[in-house]
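Following: one structure in structure tokens, then a few remarks.
Residue numbers (the working numbering): 91 to 201.
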């Protein structure tokens, strides 16, 4: 068994994984960085610790922005795409969102 070193820990960069999504084809998804995960969690609550409804409403769209990427791991979307994503047919995005959720569940269990 190998001991954890600084170099091993710092080598844990998110890698894009290819996922087949029915009705959409091949999609690349990557895990969140620790910074982005922390930011998204912090956005869920206001300064008094109460759930922020506006942020909750954008949660699924932010998952797409944060995790859908090209095969090199470069994001396909950014914050300026939020409004456009929020206006899409939610039933058609259902499979993509669930592919991201399934990826996250698998990734967390594997790592």
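Ideal Cβ placement from N, Cα and C applies to all residues, glycine included. Nothing here was measured: the structure is a model prediction, and the numbers come from that model.
In angstroms, rounded to a whole number, what distance separates the CA positions of residue i and residue j?
i           : j           : result
residue 152 : residue 172 : 7 Å
residue 191 : residue 129 : 18 Å
residue 113 : residue 189 : 12 Å
residue 98  : residue 108 : 24 Å
When you compare each of the options to residue i by their alpha carbons, which one comes out closest?
i           : options              : result
residue 106 : 176, 91, 150 and 166 : 166
residue 183 : 102, 140 and 154     : 154
residue 186 : 99, 111 and 94       : 111
Using three-state DSSP, classify residue i as helix, strand or coil.
i           : result
residue 107 : strand
residue 128 : helix
residue 170 : helix
Answer with yes or no whether the minimum CB distance from residue i to chain D is below 7 Å.
i           : result
residue 160 : Absent from the structure: chain D. Only one protein chain is present.
Cβ contact check for the segment 157-173 and the segment 113-129: 3 or more pairs under 8 Å: yes
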